[in-house]
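Only one structure is covered here, and it is reproduced in the block below.
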RNA sequence: CGGGGCAUGGCCUAGUGGCUUAAGGCGCUGCCUUUGGGAGGCAGAGAUCCUGGGUUCAAAUCCCAGUGCCCCGACCA
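Numbering (our numbering), first residue to last: 3 to 415.
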């Protein structure tokens, strides 16, 4: 992609209302646009990252045997009355009326809808277990949106729902999902720890969150200094020392990037989602649900991966693989050299952003640091004479000179 | 929903009763020069000073109400 064609206008300074690093950089580098408090548009660079995260999640969900569906945001009141959440979940449930004055909710989560779909179809233990998931828009009437993309009112979420004939099968699957979540966060370049959590208005039994330690996080976790035990402070509060090994506990701020719930029969009982078991008895389906907010995950990566100059994207979710800069865009030899390299890399399936803009070198170098693509290639009069390019990783200071015919090899390494 | 802060061209800010015909930097348009860490010159465009009401001879500036944004708290899959 030619940067001169890219619909991205970086800002010289971050907007004054942005305080958290992710809010600052994602806005300054023009990945997102704030429409209203807690409501964001994803611009070309931001949407590229978002799609890469989505694909990583989709791969992991598919490998868990999840079948992808797409459920509606508009949901009738009666479903929410069945579980009693029409009242208990408000806020953050957005409510509205249609022209016939019928009450509707904008989905903040989809347990009711998915349980309804399942109860219409599943009658026998032979149909269990199975899992469904979606990557879809959620609406939450938050009392307060915070930290740019960290807590918003509309966002894309991956929600997976699993259905089992008994609790031990749920337990087994729950652990598999936890493992898949670990993979997802690792692939997104962040270190997330699994902590014991409260299930809140979702209800059910056991629950775990994946937390990323960060100063800007609005959650607090209690961490054992000795073993790997950790819990959300809302649970950890009741302990003075680690319940597992009596080790000392420390409290740190964190961002919740994923949540697992053992719903058990909480929803299936209320909504009469039953099946006939081997013994011929009718039983409620045992359920689990598992969520990840994509925008928050994207912002969290920025929270923990940035420096004074800008974002440092991990390879897997960077908007592009490589950022190529032609420092003197008026020098024909330099431009020819850069264009040639650009085409060669494209042929090798390297996703490349080529800064062909006629602007000064300082602007290009600063924009490259701000946008944060992991590999930067610089072509200038100096390097062109040597038939080479400068190779620099965004995460490191070291610059090395690489001969033109070795560039592809170096990038695919 | 309680507490606090902020609101001036697209962005960042100055101006805190009259010297304001609202200033500067960045950005934008045209021409010229320039090209290794946000380059220079010349010319130009661009502002309901958040909205409404009030005080005053006079309001971007003071007062009241509202709106929007940010932060803290409460709340929160």
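A virtual CB, placed ideally from N, CA and C, is assigned to each residue, including glycine.
Computed from a predicted structure; not experimentally measured.
{"Check": "Identify, in the order they occur along the chain, each residue of the same chain with its Cβ nearer than 6 Å to the Cβ of residue 394, setting aside the five sequence neighbours on each side.", "Outcome": "378 and 401"}
{"Check": "Assess, as a yes-or-no matter, whether the region 112-130 is touched by the region 262-278 under the definition of 3 or more beta carbon pairs within less than 8 Å.", "Outcome": "yes"}
{"Check": "Do the region 96-104 and the region 57-68 make contact, defined as three or more Cβ pairs closer than 8 Å?", "Outcome": "no"}
{"Check": "Is residue 192 near residue 361, with beta carbons less than 7 Å apart?", "Outcome": "no"}
{"Check": "Alpha carbon to alpha carbon, how far is residue 369 from residue 91?", "Outcome": "43 Å"}
{"Check": "Would you report the Cα separation of residue 325 and residue 355, rounded to the nearest angstrom?", "Outcome": "5 Å"}
{"Check": "Quick one: what's got a C-beta closer than 7 Å to residue 35's C-beta in the same chain, skipping five residues either side?", "Outcome": "42, 43 and 45"}
{"Check": "Report the three-state DSSP secondary structure of residue 221 (helix, strand or coil).", "Outcome": "strand"}
{"Check": "By a C-beta neighbour count over all protein chains shown, 10 Å radius and 16 as the cutoff for buried, is residue 87 buried or exposed?", "Outcome": "buried"}
{"Check": "Contact defined as beta carbons within less than 8 Å: I believe residue 212 pairs with residue 289. What is the distance between those atoms, to the nearest angstrom?", "Outcome": "That belief does not hold up - the Cβ atoms of residue 212 and residue 289 are roughly 20 Å apart, past 8 Å."}
{"Check": "With a threshold of 7 Å on Cβ separation, who are the neighbours of residue 225 within its own chain once the five nearest residues in sequence on each side are excluded?", "Outcome": "232, 251, 252 and 254"}
{"Check": "By the 10 Å Cβ neighbour count, where 16 or more other Cβ atoms means buried, how is residue 142 classified, buried or exposed?", "Outcome": "buried"}
{"Check": "Helix, strand or coil: which one does DSSP assign to residue 264?", "Outcome": "strand"}
{"Check": "Please report how far the alpha carbon of residue 2 lies from the alpha carbon of residue 235, in whole angstroms.", "Outcome": "Since the displayed the chain opens at 3 and closes at 415, residue 2 lies outside it and no answer follows."}
{"Check": "Which residues share a DSSP beta bridge with residue 277?", "Outcome": "285"}
{"Check": "What do you reckon, are the CB atoms on residue 373 and residue 31 nearer than 7 Å?", "Outcome": "yes"}
{"Check": "Quick one: what does DSSP say residue 385 is sitting in, helix, strand or coil?", "Outcome": "helix"}
{"Check": "Does residue 50 come out as helix, strand or coil in the three-state DSSP assignment?", "Outcome": "helix"}
{"Check": "Counting pairs of Cβ atoms below 8 Å between the region 122-142 and the region 159-175, do you hit three or more?", "Outcome": "yes"}
{"Check": "Going by CA-CA distance only, name the one from 262, 170 and 156 that's closest to residue 206.", "Outcome": "262"}
{"Check": "CA-CA distance, residue 398 and residue 309?", "Outcome": "11 Å"}
{"Check": "Counting only runs of 4+ residues fully inside the region 34-122, write out the alpha helix (DSSP H) ranges in chain order.", "Outcome": "46-65, 79-85, 87-90 and 113-121"}
{"Check": "Can you grab the Cα-Cα spacing for the pair residue 79 / residue 113, in whole Å?", "Outcome": "14 Å"}
{"Check": "Is it the case that the Cβ atoms of residue 51 and residue 321 are separated by a distance below 7 Å?", "Outcome": "yes"}
{"Check": "Name the DSSP bridge partner or partners of residue 24?", "Outcome": "Per DSSP, none; premise fails for residue 24."}
{"Check": "Can you tell me whether residue 214 is helix, strand or coil according to DSSP?", "Outcome": "strand"}
{"Check": "Per DSSP, which residues does residue 201 bridge with? Please list them.", "Outcome": "Partner(s): none; residue 201 has no beta bridge."}
{"Check": "Buried or exposed for residue 229, going by 16 or more other Cβ atoms inside 10 Å?", "Outcome": "exposed"}
{"Check": "Among 58, 259, 153 and 53, which residue has its Cα nearest to the Cα of residue 215?", "Outcome": "259"}
{"Check": "For residue 171, which option in 24, 410, 29 and 265 has the closest C-alpha, if you only look at C-alpha atoms?", "Outcome": "265"}
{"Check": "Measure the CB-CB distance between residue 392 and residue 409 and report whether it falls below 7 Å.", "Outcome": "no"}
{"Check": "Would a C-beta distance cut-off of 7 Å place residue 318 and residue 189 closer than the cut-off?", "Outcome": "yes"}
{"Check": "Using the Cα positions of residue 20 and residue 257, report the straight-line distance between them to the nearest angstrom.", "Outcome": "18 Å"}
{"Check": "Going by C-alpha to C-alpha distance, which of 23, 240, 48 and 115 sits closest to residue 296?", "Outcome": "48"}
{"Check": "Which full runs of the beta strand (DSSP E) of 3+ residues lie inside the region 140-197, going along the chain?", "Outcome": "156-166"}
{"Check": "For a test of the three-state rule: what should DSSP assign to residue 235, helix, strand or coil?", "Outcome": "helix"}
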